[in-house]
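Participant: Quick one: the structure is below, questions incoming.
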Amino acid sequence: MKVKVNSNEFVWKPKEGLFTFDGAPALLFWDAAIELFLKTIEEVSGREVSKAVYEATGYRMGHLVSSYYQGRKDIEQLLVEYGDIYRNAGWGNVKVKEFSFEEKKAVVLLTNSWEHRIFKGTDKDQAGVLLPGHWAGVFSGLFEQNVWYKIHKSQLNGHEYDEIEIFPSDMTPAQNIHDLARQKERENILELEQKVNERTAELTSLVRELSSPIIPVLKDILVTPLIGNFNQERLTDLMERALIELSRKKARFLLIDMTGVKGVDEYTISGIHKLIKAVQLIGGESYIVGVSEELAVRIIESKVSMEGILSFSTLQQGVEYALEQNGYELVEKRK
Numbered sequence: 001m002k003v004k005v006n007s008n009e010f011v012w013k014p015k016e017g018l019f020t021f022d023g024a025p026a027l028l029f030w031d032a033a034i035e036l037f038l039k040t041i042e043e044v045s046g047r048e049v050s051k052a053v054y055e056a057t058g059y060r061m062g063h064l065v066s067s068y069y070q071g072r073k074d075i076e077q078l079l080v081e082y083g084d085i086y087r088n089a090g091w092g093n094v095k096v097k098e099f100s101f102e103e104k105k106a107v108v109l110l111t112n113s114w115e116h117r118i119f120k121g122t123d124k125d126q127a128g129v130l131l132p133g134h135w136a137g138v139f140s141g142l143f144e145q146n147v148w149y150k151i152h153k154s155q156l157n158g159h160e161y162d163e164i165e166i167f168p169s170d171m172t173p174a175q176n177i178h179d180l181a182r183q184k185e186r187e188n189i190l191e192l193e194q195k196v197n198e199r200t201a202e203l204t205s206l207v208r209e210l211s212s213p214i215i216p217v218l219k220d221i222l223v224t225p226l227i228g229n230f231n232q233e234r235l236t237d238l239m240e241r242a243l244i245e246l247s248r249k250k251a252r253f254l255l256i257d258m259t260g261v262k263g264v265d266e267y268t269i270s271g272i273h274k275l276i277k278a279v280q281l282i283g284g285e286s287y288i289v290g291v292s293e294e295l296a297v298r299i300i301e302s303k304v305s306m307e308g309i310l311s312f313s314t315l316q317q318g319v320e321y322a323l324e325q326n327g328y329e330l331v332e333k334r335k
C-alpha cells in the first residue's frame with residue numbers, strides 16, 4: 001500500500017511488517033507511548049541527566065536528517081521541504097522565520113509539535129529540549145559548523161508558538177554530557193567530604209570525651225587522666241572542661257594524672273602549667289600526679305617554671321594529700 005502526501009511517500013508492506021517514509025524504514029508510535037518512554041527515562045535518570053539525554057538524542061537525530069540531504073545547495077527550498085516532511089510525519093508545524101547561511105543563524109517556530117502535545121497536559125512549566133536540540137543538529141549539518149539553541153518563547157508559557165534561536169556555539173551534546181559527568185563527580189565528592197567531616201567531628205568529640213575525662217573520685221576531688229599528645233585545641237578543651245566541672249561540682253582539688261602521657265613536650269608542659277594557674281584563679285588547687293622519672297627529667301629540662309606546684313609519683317599519693325587538706329584521712333578497715 002502506497003500513499004503520497006505532498007512530496008512525501010509512505011509505503012506499508014503488511015506481509016513483511018514494514019513501513020517506509022520516503023524510502024527509509026520508519027516506525028509509528030502513539031503520542032502516549034512516546035510520553036511514557038520519555039517519562040520513564042526521567043524517572044530512572046533524574047531531571048538533569050534526562051535533559052542531557054534528550055538534547056543529545058535530538059541533536060544526533062537532527063544531524064542524521066541533514067546528512068540525508070548533504071550536498072544540496074538550495075538550502076531555502078530544502079527548509080521549505082523540511083516543513084512538509086515534519087508536518088506530514090506528525091511532528092507539528094515548522095516554520096523557519098529567519099535564516100542566514102553566512103552568519104550561521106536561524107530562527108525556527110514550532111506549533112503543535114509532538115513534544116508540546118505530550119507535555120502540555122503535565123506539570124511541566126518549561127519547553128522540552130529534544131526538538132530544540134534536534135534543530136540544532138539539523139542546522140549544524142546544514143551549516144557544517146557547530147551551532148546550539150536558545151528558547152525564547154514557549155507554548156507552555158502561553159505563547160502562540162515555540163521560538164528557537166539557532167546560533168554558532170562551541171556547545172555540543174558531548175560537552176553537555178562531559179559537564180554533567182563532572183558536576184556529578186563534584187556532587188559525589190562534596191557528599192563524601194561532608195560525610196568525612198561529620199564522621200571526623202564525631203570521632204573528635206569521642207576522643208575528647210575519652211582522652212581527658214574529668215572524673216570525681218572523692219568529695220571535693222576531681223581527677224583528669226591525660227592520654228596521648230596534646231595540641232592547642234586539646235589543651236584549650238581540657239582547660240574549659242576542667243574549670244566548668246570544678247565550678248559545677250563545687251570541687252576544690254583537680255589532680256592532673258600524667259601516668260598515660262608518653263614523650264611529653266615543652267608545649268604540653270606549658271599547657272599544664274596554664275591549667276594549674278587557671279584553677280588557682282578560681283580558688284581551687286591543682287597537682288600533678290603520676291610523674292615518672294623520665295617525665296620529671298623532661299619537666300626540669302623544659303623552660304617552664306614549675307616552682308610552687310606540687311607533684312606526686314602516684315595518683316594514690318595525690319588523693320591522700322588532697323584528703324588531708326580537707327581534714328580527712330584514709331583508714332584501713334578492720335577485719
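Residue 46 in the UniProt record's numbering sits at position 46 of the sequence shown, with consecutive numbering throughout. All residues carry an ideal CB built from backbone N, CA and C; glycine is no exception. All figures in this text were calculated on a predicted structure; none of them were measured in a lab.
Taking the alpha carbon of E324 as the point to measure from, which residue in E144, E198, F253 has its own alpha carbon closest?
Facilitator: Among E144, E198, F253, the Cα nearest to that of E324 is on F253.
Participant: Rounded to whole angstroms, what is the Cα-Cα separation between H273 and I189?
Facilitator: Those two C-alpha atoms are separated by around 43 Å.
Participant: According to the Cβ coordinates, are V319 and L238 closer than 8 Å?
Facilitator: No, the Cβ-Cβ distance between V319 and L238 is not below 8 Å.
Participant: Which residue marks the beginning of the beta strand (DSSP E) containing L110, and which one marks its end?
Facilitator: That run of the beta strand (DSSP E) goes 105-111.
Participant: Tell me, please, whether the segment 190-199 touches the segment 164-174 by the rule of three or more beta-carbon pairs shorter than 8 Å.
Facilitator: With the cut-off at 8 Å, the segment 190-199 and the segment 164-174 do not touch.
Participant: DSSP state of residue 336, grouped into three classes?
Facilitator: No answer is possible for residue 336: it lies beyond the span of the chain, which begins at 1 and ends at 335.
Participant: Counting pairs of beta carbons, one from the segment 49-62 and one from the segment 92-105, are three or more of them closer than 8 Å?
Facilitator: Taking 8 Å as the limit for Cβ pairs, the verdict is that the segment 92-105 does not touch the segment 49-62.
Participant: Would you give the residue range spanned by the beta strand (DSSP E) that W12 belongs to?
Facilitator: Per DSSP, W12 belongs to the beta strand (DSSP E) from 8-13.
Participant: Taking all protein chains shown into account, do 16 or more other C-beta atoms lie within 10 angstroms of the C-beta of R234, making it buried, or fewer, making it exposed?
Facilitator: Flag for R234 reads buried.
Participant: If you draw a straight line from the alpha carbon of N231 to that of A251, how long is it in whole angstroms?
Facilitator: Each residue's Cα considered, the two are about 27 Å apart.
Participant: H152 by DSSP, collapsed to three states: which one?
Facilitator: It is a strand residue.
Participant: Can you look up residue 336 in the DSSP assignment and give me helix, strand or coil?
Facilitator: Residue numbering for the chain in the displayed model covers 1 to 335; residue 336 lies beyond these limits and cannot be assessed.
Participant: Where does D162 fall in DSSP's three states?
Facilitator: Strand, per DSSP.
Participant: Please report the straight-line C-alpha distance between V147 and H159, rounded to a whole angstrom.
Facilitator: Between V147 and H159, the C-alpha separation is close to 25 Å.
Participant: Taking only three categories from DSSP, how would you classify M1?
Facilitator: M1 falls in the coil class under three-state DSSP.
Participant: May I ask you to list the residues that DSSP assigns as paired with S286?
Facilitator: Partner(s): L254.
Participant: Between the Cα of R298 and the Cα atoms of K39, G71, S154, T268, which residue gives the shortest distance?
Facilitator: Residue T268 is the option with its Cα nearest to R298.
Participant: Compute every distance between the C-beta of I189 and the non-hydrogen atoms of the ligand SAM, then say whether any falls below 7 Å.
Facilitator: Although the ligand SAM was asked about, the structure shown includes no ligands whatsoever.
Participant: Just curious, the beta strand (DSSP E) that F19 is in, first and last residue?
Facilitator: Segment 18-21, the beta strand (DSSP E) holding F19.
Participant: Could you check how far apart the C-beta atoms of Q155 and H116 are, in whole angstroms? I think they sit under 8 Å.
Facilitator: Rounded, the Cβ-Cβ distance is 5 Å, consistent with contact.
Participant: What would DSSP say about A89, mapped onto helix, strand or coil?
Facilitator: Coil.
Participant: Starting from the Cα of D220, find the closest Cα among E202, A322, D74 and give me that residue.
Facilitator: Out of E202, A322, D74, A322 has the C-alpha closest to the C-alpha of D220.
Participant: Quick check: what's the CA-CA separation for F99 versus H152?
Facilitator: Cα-Cα distance, rounded: 16 Å.
Participant: Mind checking whether L255 and L310 have CB atoms under 8 Å apart?
Facilitator: In this structure, L310 does not lie closer than 8 Å to L255 by Cβ.
Participant: Residues in the same chain with beta-carbon distance under 7 Å from L142, minus the five sequence neighbours each way, listed in chain order, please.
Facilitator: Hits under 7 Å: S66, I75.
Participant: Determine the DSSP secondary structure at G58, reduced to helix, strand or coil.
Facilitator: Correct three-state label for G58: helix.
Participant: Can you tell which of L295, S286, E307 has its C-alpha closest to the C-alpha of T259?
Facilitator: Of L295, S286, E307, the residue nearest in Cα terms is L295.
Participant: If the criterion is Cβ atoms closer than 8 Å, does the pair D257 and G228 meet it?
Facilitator: No, Cβ-Cβ distance for D257 and G228 is not below 8 Å.
Participant: Please report how far the alpha carbon of A33 lies from the alpha carbon of A52, in whole angstroms.
Facilitator: Taking the straight line from one Cα to the other gives about 21 Å.
Participant: Leaving aside the five residues before and after V3 along the sequence, list all residues of the same chain whose C-beta is less than 7 Å from its C-beta, in chain order.
Facilitator: Contacts found: F10.
Participant: So which of V129, D162, P213, A278 has the shortest CA-CA distance to E55?
Facilitator: Minimum Cα distance to E55 is reached at V129.
Participant: Helix, strand or coil for A26 per DSSP?
Facilitator: In the structure shown, A26 sits in coil (DSSP, three-state: anything other than H, G, I, E or B).
Participant: Can you tell me the Cα-Cα spacing of W114 and K97, whole angstroms?
Facilitator: When rounded, the distance between both Cα atoms is 20 Å.
Participant: Excluding the five sequence neighbours on either side, which residues of its own chain have a C-beta within less than 6 Å of the C-beta of E285, listed in chain order?
Facilitator: Correct list, in chain order: F253.
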